[in-house]
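See structure below.
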Amino acid sequence: MQAPRSCALSTILAATSVLLLAACGGGGGGGSSTPRPPPSTPPAPQLPDASTAPALKTVFAPYFRIGAAVVLEQIDAATHPDDVALLTKHFSSITVANAMKADTIAVAEGQYNFEPADQIVAFAQDNGIEVRAHTLVWHVTSPDWFFAGDRSDPVAYRALVRHRLQTYITDVVTHFKGKVYAWDVVNEVAGATEGQIYRTDSPWYEAYSLSGEGADYIEDAFRAARAADPDVKLFINDFLTENAVKRANLLAIVQDLLDKGVPIDGVGHQIHSQINLSAAGVDAALTAVEELSPSLINEVTELDLSVYTGPSVPSNYGAGGIPNAVAGQQARTYRELFDVLRRHDASLDSVTTWGISDAETWLDYSGTTFERKDYPLLFDVQRQPKWSFWAIVDPAVQLP
Ligand code: G3I
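Residues 1 to 400 in our numbering are what the sequence shown spells out, letter by letter.
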C-alpha cells in the first residue's frame, strides 16, 4: 500500500522549495542575504483512507487464520451492521466469546442451552468463517451444580464430579462436532508462581483432590473431548505465557499430558497485554511450545493491547479516543508483535483478537480500579482501521 498521495506530494514540494531557496540565497551573486527558512519539519503522518484497507484475512492467509471473538449481539446485522461488515470482510475465524461457556450452556445437569452459540455458529457457517470454540472447563464459569453432593465419602464424591465433567464434555463436544475447528478444552489451569504448576483455587481441582490427584480433571477433560470428536483440535489455553514463570508451569502440564498419551493438540496463548508489551516474550512462548514437541500447534487466542500500561495507571482517556502518540505506540507494538507471529507461521495456526473493535471490549468492564474506556484493538469505536491496523498490514506506512 502506497503512503497517502498528500503526504508524498507535500514531502516532494517541501524538498523542492528548500532547494530553490538555497539556490537563490546561496548563489553569492550580489543578491541580498535572505534569511534561510527554518528547517521544515516533516508533515505528521496522515491515517490512510479507510476505503483502501485490505482484508486482514487476505493479508494473513499465507500465515494463519485471523480471528475475532464475538458476543451474540454483534452478529445481528439489524442492530450491529458495522460489526457484521467487519467480521465478513476481515476475519477467517470467529471465537464464541461467552456463549459456549458452561455458565451459558450448562443450565442444570442434563439440561443445556445451546441457542446463543448455535446462532453464532450458523452466522459463521453462512459467511464461510471458521469457528473456534471456547471453553469447556474454566473455574470462572463452572456452575455450582457440577460440585453439588455429599463430600463425606470423598471417593464417591470425586467419582460423581468426574462423571458430570465427562458427561458434560461429551454432550457439548458432540453437539458442535464438525462445526468448530478447535476447542479450548481447559482454560487458565496453570499456577502463577514458581513451582506451583497447577492452579489450585479451582472447584475442579478441589473436588478431585479430595481423593487423588487434583489435576486429573485436566486429563479427563481432554480424553472426553477426543472421544466425542476425533477431528477437532484440542487446546490448553492460558494467559501470560509471555512470562517465563507462568510459561514453565503451563508447559510442565503439557509435558505431563504428552507423557501420559493424553490427546492434546496445542497451546493457546491469550496475550491480554498492554501497549508496552515486549514481543520477545511472545517469541519465547511460541518457541518454547515448538521445542516441547513438533506435534504441538500454537494459537494466539485473545489478543488485545490495552492503552493503560497497568491497572494502577491513573490516566483515563475517556470516550474521546487516545492521543496520536499513544496510537502510534500501540501501532508499533502491534507491528513488532505481528513480525514475530509471522516468523512462527509453521506452528501458529490462528491469531484472534479478543473483540472486533474498540466499541466493545471486556477491558471497559474488567474490574479495573476505576471505570475507564480502553482502546485495545485494531479498529476504533467507529469500526474504522486504526494506526495499529495499518501497522500490521503495510510495513511502509509511517506511524505517528
Ligand atoms: O449477558 C449478561 C447480561 O444479560 C447480564 O445483564 C449481565 C449482568 O449480569 O451479564 C451479562 O453476561 C456477562 C457476559 O460477560 C456478557 O457481557 C457476564 O456477566 C460476564 O461475566 C461475562 O464476562 C466475560 C468473562 O470472560 C467471563 O465469562 C467477558 O465478556 C469475556 O470477555 C471474558 O473473556 C475471558 C475469556 O473467556 C478467558 N480469558 C480471559 C478473558 C477476559 O476475562
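Positions of the beta carbon are idealized from the N, C-alpha and C atoms, including for glycine. Keep in mind it's a predicted model, so treat the numbers as computed, not measured.
Taking the alpha-carbon of Asp231 as reference, which of Ala215, Glu73 and Pro263 has the nearest alpha-carbon? Among Ala215, Glu73 and Pro263, the Cα nearest to that of Asp231 is on Pro263.
Where does Val173 land, buried or exposed, given buried means 16+ other C-beta within 10 angstroms? buried
At a cut-off of 7 Å, is Val254 close to the ligand G3I when judged by its beta-carbon and the heavy atoms of the ligand? no
Are the beta-carbon atoms belonging to Ala192 and Leu251 less than 8 Å from one another? no
So, are the CB atoms of Asp184 and His134 less than 8 Å apart? Contact: yes.
Buried/exposed call for Gly320, threshold 16 Cβ in 10 Å: exposed
Check Phe60 in the structure and name its three-state DSSP category. helix
Can you check DSSP and say which residues form a bridge with Tyr198? Ala190
Just grab the DSSP bridge partners of Arg372 for me. According to DSSP, Arg372 bridges with nothing at all.
Is His269 near the ligand COA - that is, is its Cβ less than 7 Å away from at least one heavy atom of it? Of the ligands one can find in the structure shown, namely the ligand G3I, none is the ligand COA.
Any chance the CB of Ala97 is under 7 Å from a heavy atom of the ligand G3I? Flag set: Cβ of Ala97 near the ligand G3I.
Going by beta carbon distance, what residues of the same chain come within less than 7 Å of Thr352, once the five residues before and after it are set aside? Gly67, Ala68, Ala69, Ser93, Thr95, Arg132, Val300, Thr301, Glu302 and Leu303
8 Å contact criterion, which Tyr198 and Ala207 should meet: CB distance rounded: Their Cβ separation, rounded to whole angstroms, is 14 Å, which puts Tyr198 and Ala207 out of contact at 8 Å.
How far does the beta strand (DSSP E) with His134 in it extend, from its first residue to its last? Glu130 to Trp138
I'd like to confirm something about Val140: is its beta-carbon nearer than 7 Å to some heavy atom of the ligand G3I, or not? A distance criterion of 7 Å places the beta-carbon of Val140 in contact range of the ligand G3I, judged by its closest non-hydrogen atom.
Taking 8 Å as the threshold, find out whether the region 222-240 comes into contact with the region 258-275 through three or more Cβ pairs. yes
Below 8 Å on the Cβ atoms is my guess for Ala50 versus Pro385; work out the distance and round it to an integer in Å. 5 Å
Integer-rounded CB distance, given that Leu72 should sit under 8 Å from Gln125: The distance from the Cβ of Gln125 to that of Leu72 is about 15 Å, inconsistent with a contact at the 8 Å cut-off.
Answer yes or no: the CB of Glu302 versus the heavy atoms of the ligand G3I, is any distance below 7 Å? yes
State the start and end residues of the unbroken alpha helix (DSSP H) segment that holds Asn249. Element bounds for Asn249: Ala244 to Asp259.
Taking all protein chains shown into account, decide if Gly281 is buried (16 or more other Cβ within 10 angstroms of its Cβ) or exposed. Buried, because 16 or more other Cβ atoms sit within 10 Å of the Cβ of Gly281.
Could you pull the DSSP bridge partners for Gly67 from this structure? In the DSSP assignment, Gly67 forms a beta bridge with Ser93 and Thr352.
Who pairs with Pro385 in a beta bridge, going by DSSP? Phe379
Burial state of Gln196 (16 or more Cβ within 10 Å): exposed
In this structure, does DSSP put Asp76 in helix, strand or coil? In this structure, Asp76 counts as coil in the three-state DSSP scheme.
Measuring alpha carbon to alpha carbon, tell me which of Leu378, Phe60, Asp256 and Ala221 ends up nearest Ala327. Leu378
Can you tell me which of Arg223, Ser209 and Asp216 puts its alpha carbon nearest to the alpha carbon of Thr167? Arg223
Any heavy atom of the ligand G3I closer than 7 Å to the CB of His134? yes
Strand pairing of Lys233, partner residues [DSSP]: Ala182
From the DSSP output, in three-state form, read off His344 for me. coil
Within 10 Å of its beta-carbon, does Lys89 have 16 or more other beta-carbons around it, so buried, or fewer, so exposed? exposed
Inter-residue spacing [alpha-carbon to alpha-carbon] between His139 and Ser202: Ser202 has its alpha-carbon roughly 5 Å from the corresponding atom of His139.
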